[in-house]
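Data block below; observations after.
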Amino acid sequence: RTADAVADIYETSQLTYSEVNARSNRLAHYLRSLGVGHDRPVAICAERSLEMIVAVLAVLKAGGAYVPLDPAYPAKRLQLLLADSAAFAVLTHTHLAHLFAAARPGPPVIDLSGASPVWQQWPAHNPDPIDLGLTPRNLAYIIYTSGSTGHPKGVLIEHRGLVNYLEWALRNYEARRTVVSSSLSFDATITSLYLPLLCGGVTKLLPEGEEIDGLFAHVRQVSGDSGDLVKLTPSHLNLLGERISSQVQHKTISLFVVGGEALAPSTLRLWRQIQPDLRLVNEYGPTETVVGCATYDAPKTIDITQPTPIGRPIANTRIYILDDEAAPTPVGVVGELYISGVGVARGYLGRPELTAEKFPADPFAPEPGARMYSTGDRGRWLPDGNIEFLGRHDSQVKLRGFRIELGEIEATLLAHAYVADAVVITRESCDGEKQLVGYIVAKKGQRVDHAALRRYVAEQLPPHMVPAAIITLDELPLNTAGKLDRNALPAPGFTSPATASQPACTPEEEILAGLFAEVLHLDRVGIDENFFDIGGHSLVAVALINRIRTVLGVDLPVRAVFEAPTVARLAEQISRVELRETVAPAVENTPWFLQS
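Every letter in the sequence shown is one number past the one before it in this note's numbering, and letter 422, counting from 1, is 422.
Here it is in structure tokens:
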């Protein structure tokens, strides 16, 4: 119906509905020729781009199940996931193909960004779903989550679950325009990626490393009219709010949907001050139940001194809160959340025992054969019928929207030749931010190089699972029962070991080194130390940029920290910005990129 309308935008490029359909059809026919069909996985390792959307649609049109692999992950991790999924092919960009070189022989690696793709001559018409033999119970995608045993697990999501969530979201969210700012391997991305495409709207994809800058620019360009939706984590929403409240006061977009971690009352309070009539939806849902299975539409008069509820189940979904005897709890009594309905995943790829444990039969369902998912989350019913989330009853944690099994990090530390024992916990820094901290006991006679150990962990695990600090102990503290006493683990000093030999050379470097240390909670930082090797991540990078703006009066994009992650290199960038601003003409129509 809207063949000539713009469907997808990436920087200065765009695709109409007819163009994205024709391209994805050609690729789908090519994938069919390779043997891709229902329930057959195809890996997609792509940065946010028009090619990424074409790849996702092509796999679905071919009847396959896409397996998103985050290109920010280390090559060893990508190769592990590729082998575990037994993918029929890998769709990726030219500059990322090297990540799969060590996996040869393996599935064919298909270039998405070449000038003359191999599928260019294949037909542009839609593949026939009847010929494909697809049913709602076939797989749509497989997303990997952290595993408590040290091995990631692939969650098998069927078409019926994906369609149920999207149909519900179409009816409840106005989403004719969205911004995609997160990785395809983060299932919350599904909301922003698909909804506009199902109603003739526009999906805008932000370049890698420009998420906060891009979101900030986007919300400043709209006037609060309905139809714009931004989906992000509460952590990102808070950072965005702090930046907006410090620079501009006007209407932003009409709808924020947050998910991936608990929504703090302080974040809700901040946004009520910025835009009192903003619609803000708190969405709850594990990967195993398709993006969101419960939502809470925060009212304008909500008590922002209390925890934000996660709301009520969406359509065709049931949520139970059960006690230790698997009996439903009364209102106000804490229990474990179990989720049932069409959104429940098929299970875990190649893990029948774990699937049986986490997806037991639903004894309360009216239909035979129904299963429910044991979330491990604690909660209770509130008198008004909403659910209050109360954390976990195991070692799984949520950090910046990522679900992390601490056992997987511990297993990686223990695999190091010099480590005899290890434990990982989360601790709050002085500003309330959660950080991963690892504690190790070295094997007898061995001395562990912390920098080398951190590099070793970074070669195995995604960036969000690398501890901000690793501390060596003579032994792990035990309580009187002989079990690990987590409360007795010492707080990290967060001192960078290499600072003594790398002093600042200029006043600007000295100020920057102090700002690096401030946001990373370190005593000192050397001018050549990589921000991301000493505990930094994307959200801390935003905090650093904000401090640079306040202290030095220089407005840098967040991507500057990724491009110049040391004090020395960032000082050079700042010098170039200051020089450019000095020589820029002071006239009203000065281009935005020359303005401070």
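All C-beta atoms, glycine included, are put in the ideal place defined by N, C-alpha and C.
Contacts around R547, its chain only, beta-carbon distance under 7 angstroms, and the 5 residues preceding and following it disregarded: L515, E518, V519, listed in sequence order.
Residues near E288 by beta carbon distance below 6 angstroms, same chain, minus five either side: V155, A345, Y373
Buried or exposed (CB count within 10 angstroms, at least 16 for buried), Q460: buried
For A498, three-class secondary structure by DSSP: Note on A498: pLDDT 47, under 50, position unreliable in the model; the coordinate value appears next. Coil at A498, not helix or strand.
CB contact flag (W119, R26, <8 angstroms): yes
DSSP beta-bridge partners of A65: As a beta-bridge residue in DSSP terms, A65 pairs with P41.
K483, enclosing alpha helix (DSSP H) - first and last residue: From DSSP, K483 is part of no alpha helix (DSSP H); its letter is neither H nor E.
Beta-carbon gap between R176 and G214 smaller than 8 angstroms: no
Cβ neighbour criterion (16 or more within 10 Å) applied to S245: Exposed: under 16 other Cβ atoms inside 10 Å.
Helix, strand or coil at L552 [DSSP, three-state]: helix
Residue span of the beta strand (DSSP E) that contains F389, given as start and end: 387 to 392
I598 versus T12: straight-line alpha-carbon distance, rounded: Here the chain has residues from 1 to 596 only, and residue 598 is not among them.
Within 8 angstroms, strictly: CB atoms of S340 and R312: no
Under the three-state DSSP convention, the category F216 falls into: helix
Beta-carbon proximity check, H38 vs P127, cutoff 8 angstroms: no
Other residues of its chain near L337: CB distance less than 7 angstroms, five sequence neighbours each side excluded: So the qualifying residues of the chain are I319, I321, T375, D377, G379.
Stretch pair the segment 382 to 394 + the segment 356 to 373: three plus CB contacts closer than 8 angstroms: no
Nearest candidate by alpha-carbon position, reference I470, set P507, I511, E509, V419: V419
Beta-carbon contacts of R599 that lie in its chain and below 8 angstroms, excluding the five residues immediately before and after: Outside the shown range of the chain, which is 1 to 596, sits residue 599, and nothing can be said about it.
DSSP bridge partner residues for Y10 (one or two, in chain order): S13, L205
Start and end residues, beta strand (DSSP E) containing Q79: From DSSP, Q79 is part of no beta strand (DSSP E) but of the alpha helix (DSSP H) over 75 to 85.
Backbone CA spacing between T191 and H151 [nearest angstrom]: 27 angstroms
Span separating the alpha-carbon of D8 from that of V54: 10 angstroms
Beta carbon proximity, S254 to chain D, threshold 8 angstroms: Considering every chain present, this structure includes no chain D. It has just one protein chain.
DSSP-derived helix/strand/coil call for W122: coil
Beta-carbon gap between L539 and L139 smaller than 8 angstroms: no
Status (buried if at least 16 other CB within 10 Å, exposed otherwise) for E261: buried
Within 8 angstroms, strictly: CB atoms of V230 and F256: Taking 8 angstroms as the cut-off, the beta carbon of V230 is found closer than this to the beta carbon of F256.
V56 versus I44: straight-line alpha-carbon distance, rounded: 8 angstroms
Delimiting residues of the alpha helix (DSSP H) encompassing Y456: Y456 -> alpha helix (DSSP H) spans 450 to 460.
Cut-off 6 angstroms between Cβ atoms - residues of its own chain near E588, not counting five sequence neighbours on either side: Confidence at E588 is low in this model, with a pLDDT of 40, below 50, so the placement of that residue should be treated as unreliable; the coordinate-derived value is given next. None.
DSSP state of T308 mapped onto helix, strand, coil: coil
Given A5 as reference, the closest of L197, A101, P477 once Cα atoms are compared: L197
DSSP three-state assignment for E405, whether helix, strand or coil: strand
6 angstroms CB neighbourhood of E211 in its chain, flanking five on each side removed: The beta carbon of E211 lies closer than 6 angstroms to those of S181 in the same chain, with the five residues before and after it left out.
First through last residue of the alpha helix (DSSP H) which encompasses V334: Segment: none, V334 is in no alpha helix (DSSP H) and carries neither H nor E.
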